[in-house]
Amino acid sequence: MSIPDSILSSWGHHYSGTAPKQTHVSIRNAIAKYKGWIEKPDYGVFLQGSYKNDTNLRQDSDVDVVVQLAARLRPRVAALSGVELE
1 MSIPDSILSS WGHHYSGTAP KQTHVSIRNA IAKYKGWIEK PDYGVFLQGS
51 YKNDTNLRQD SDVDVVVQLA ARLRPRVAAL SGVELE
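For the sequence shown, position 76 (counting from the first letter as 1) is numbered 76 according to the UniProt record's numbering, and the numbering increases by one without interruption.
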């Protein structure tokens, strides 16, 4: 059974919509606007996978967004009760 030419043609066309960039910017902005940090974190937000590598083929493919924390997490144990520390 062969694959129809119409399917092969659709697989061969790169999709370069704006959704990945909009998703990336939305996540980056949401993290930047968050006010609940004890100290401002050092982080990076970037695309990964087919959109980053310009190998995505279909409009309905997923967008891989990575949020990478560059600092160590430090527990705040001073505010915990004895039961919470156990």
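Note that CB positions come from ideal geometry on N, CA and C, so glycine has one too.
- In this model, ASP64 and GLY49 are separated by some 6 angstroms (Cα to Cα).
- Looking at the backbone, the Cα of GLY82 and that of ARG76 are separated by about 13 angstroms.
- Per the C-alpha coordinates, the member of GLU39, ILE7, PHE46 positioned closest to ARG72 is GLU39.
- LEU8 and SER2 have their alpha carbons spaced roughly 10 angstroms apart.
- Using a Cβ distance threshold of 8 angstroms, TYR43 and VAL67 count as a contacting pair.
- The same chain holds no residue with a CB closer than 8 angstroms to that of THR18 once the five nearest residues on each side in sequence are set aside.
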